[in-house]
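Numbering (the working numbering), first residue to last: -16 to 82. Beta carbons: idealized from backbone N, C-alpha and C, even for Gly. As the structure is a computational prediction, the values presented were derived from the model and not from experiment. Here the structure comes first, spelled out in structure tokens, and everything after it is commentary.
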């Protein structure tokens, strides 16, 4: 059985210091990190993921060098999207497990 996906914005992860929570969630969910930025910023964000979140294997890179882009470009019907504290609080409130 496949795990439910959680799509989470890297900017929110970095601001909120969610490392320990993500490690616990990773045991039960498939975590996909979303990164939106310029080519230069995206390369730095990939390095951050590889160094700071080595257990995360899936990420989506959206380059906004040439046009405005956001999370709506990603098909997230099969999971939850966490972009900010409100999304995170709502997600945690409805978890069937304790983290």
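Asked: Terminal residues of the beta strand (DSSP E) in which residue -15 lies; Found: First-last for residue -15: undefined, no H or E at that position.
Asked: Residue 24 (DSSP reduced to helix, strand or coil); Found: helix
Asked: 7 angstroms CB neighbourhood of residue 47 in its chain, flanking five on each side removed; Found: 19, 20, 21
Asked: Cβ-based neighbour list, residue 29, same chain, cut-off 8 angstroms, excluding 5 preceding and 5 following; Found: 18, 42, 44
Asked: Short Cβ contact (8 angstroms threshold) for residue 65 with residue -11; Found: yes
Asked: Residue 2 and residue 35 closer than 8 angstroms at C-beta; Found: yes
Asked: Check: residue 76 C-beta below 7 angstroms from any heavy atom of the ligand MG; Found: No copy of the ligand MG occurs in the structure displayed, which carries no ligand at all.
Asked: Counted within 10 angstroms of its Cβ, other Cβ atoms place residue 49 as buried (16 or more) or exposed; Found: exposed
Asked: Minimum length 3: unbroken beta strand (DSSP E) runs contained in the stretch 29 to 72; Found: 41 to 46, 62 to 65
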